[in-house]
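Here's the structure, in structure tokens; my notes come after.
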Amino acid sequence: MLKARSFLAKCATAVSVLTATVPGWAQHQTLPTDAESEVSADAEVLPENPADWQYQATLAPPAGDVSASSDLLDVFGPADVFRHSRDDLSDLRLDAADGSSIPFALRTLAARTVLEQLPTSEFNRSEPEGGVHEVTLEFSGDDPTHNQVVVETSGEEFRRSVVIAGSDDGKDWKLLVESQLLNLTAEEKSLIRKSFRYRESRHQFLRVQVTPDPQRTSSQSDKDAFTIDSVQVSREIALPAELVTTEAVISSREPTRQYGSPGSRWIMDFGAKIPVDRLEVAIKDREFARDVSLEAETVNLLGQPDFYPVVFNENSTWQRQQGDSPGTFTVTFAEVRSRRFRLTVADYRNKPLTLTSAKGSAPARQIVLQCPETGKLPVILRFGNPEAESPRYDFARNLPEALPTTPIRGSLGSARTNPGYTAPPRPFTERYPWFIYVALSSVSLALGAVVMNLSRAAIAVHDAADG
């Protein structure tokens, strides 16, 4: 029994040594104490080490003095950046020639609608009891452009008439919109209308008139008494999408089965894992009508490449009749980020199609920054750091969606390896992959020895009891 206890003690020691030896990545996962949390909260932001970024590219403004045209500089992210950066591009950094960090904004230029609030000053407010409430506004800037008004009034359960008019001198008024201001509830559903749009106007003055609910003015006990809390004037701007297009390399045709019939399949390789929300394919054939499907490449749970279907926004049938002008077929879908796509066409009993080109497009990823001074050139764009956090610069959060000026378009050089890059130390289990097998084998032998000694001791006790 003493030998068994000795083996159990050795086994416990081996297990404690094994559990104490953890990978390098796990050694940094300890939770801070309260004191450490207070210190870290008061501490300043530590500068980032450029040696942690594996790749870089040179960002250069156009030649000549162009600072007078705009104080902003921008560039679109190319495929080289997507190839080596994180999926959300949160590891991008800009460094000046003197080593200082340059704040920037990363924007996705998809089609969108933005509201630009316009400053106004109020005068001639009139709110008589039981009569028409009126507020007049004057725009602060010259030549204002507006097309939307939001009217906030007090009270609930009302249907009030609202009339909005514009004027250039505050005397001659022209009707812009006439509608109903609603705040109603029926069957636990609310109907609220307080925003009113009209054709784009440049009137310097704006007058808002609100008439009380006519169904409540006749009753003294339920009179529609209210005030105009606020009037906000804005301009709704529709910004079009700006797309970046990348050519794909089309593989040779592969015969396959589609919908239980003969078909064709092609792999379209973009060379990098880029965002794509539309595919444009050129076909040489002059007359056809085929059903198509598209799949994007991903990595499954086993780490192996796999394809999943992409749902089209349009009809999945490509058709060209005799006499139609030759053109490309475009399909759009929800944006995916993938390097390879697989196009499958159901041929049935027809001759396979001949594909001549394929292009993928997606809204551009725009990097916007203040035009750097000459002494800070060249600017280096760094990327390729999986551990980097999103910078969330104040410059990016304060930059309006509709830029005040058109940025100067810069150029980005090809991606190259950072000469000062220092690779992070590999985890212990990767540096010594054999150690885990040795440790487990040692523990298994120790446990086997313990079981054997316990068995012998049990047999000896059993034999002594029988004797």
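According to the working numbering, the sequence shown is numbered sequentially starting from 249.
Glycine residues also receive a C-beta, built at the ideal position from the N, C-alpha and C atoms.
Going by C-alpha positions, glutamate 382 is about 25 Å away from leucine 363. In this structure, serine 541 lies near serine 564, with their beta-carbon atoms less than 8 Å apart. Counting C-beta pairs with one atom in each stretch, the segment 658 to 671 and the segment 358 to 378 have fewer than three that are closer than 8 Å, which means they do not touch. If you ignore the 5 residues before and after aspartate 391, its C-beta comes within less than 8 Å of the C-beta of Arg450, all in its own chain and listed in chain order. Burial state of alanine 537 is exposed, judged by a 10 Å Cβ sphere holding fewer than 16 other Cβ atoms. In the structure shown, serine 509 falls within a strand segment according to DSSP collapsed to helix, strand and coil. One thing to note: leucine 454 has its Cβ no nearer than 8 Å to the Cβ of glycine 519. Taking every protein chain shown into account, the CB of phenylalanine 683 has fewer than 16 other CB atoms within 10 angstroms, so this residue is exposed. Counting along the chain, alanine 434 sits inside no alpha helix (DSSP H); it lies in the beta strand (DSSP E) bounded by residues 422 to 434. Distance between proline 503 and glutamate 543, taken at the CA atoms: about 16 Å. Aspartate 572 and proline 600 have their C-alpha atoms some 19 Å from each other.
Secondary structure at phenylalanine 352: coil, using DSSP grouped into helix, strand and coil.
Within the DSSP bridge table, the entry for serine 659 names Ala308 as partners. Glutamate 436 and glutamate 400 have their alpha carbons spaced roughly 22 Å apart. Excluding residues up to 5 positions away in sequence, Leu357, Ala358, Ala359 and Pro611 lie with their Cβ nearer than 7 Å to the Cβ of alanine 489 in the same chain. Selection Asp517, His394, Val529 and Val698 evaluated against valine 593 yields Val529 as nearest (Cα-Cα). Nearest Cα to proline 367 within the set Gln480, Ser638 and Ser690: Gln480. Scanning its chain for C-beta atoms nearer than 6 Å, with the 5 sequence neighbours on each side dropped, one finds around glutamine 396 the residues Arg445, Ser482 and Glu484, in chain order.
In the same chain as tyrosine 556, and ignoring 5 residues on each side of it, the C-beta atoms closer than 7 Å to its own belong to Glu543, Ala544 and Thr546, in chain order. Approximately 4 Å separates the beta-carbon atoms of aspartate 525 and glutamate 583; this is inside 8 Å, confirming the contact. For proline 655, the closest of Gly418, Val579 and Pro310 by C-alpha to C-alpha distance is Pro310.
With a 10 Å radius around the Cβ and a threshold of 16 neighbouring Cβ atoms, glutamine 614 comes out buried. Under the three-state reduction of DSSP output, glutamine 452 falls in the coil class, being neither helix nor strand.
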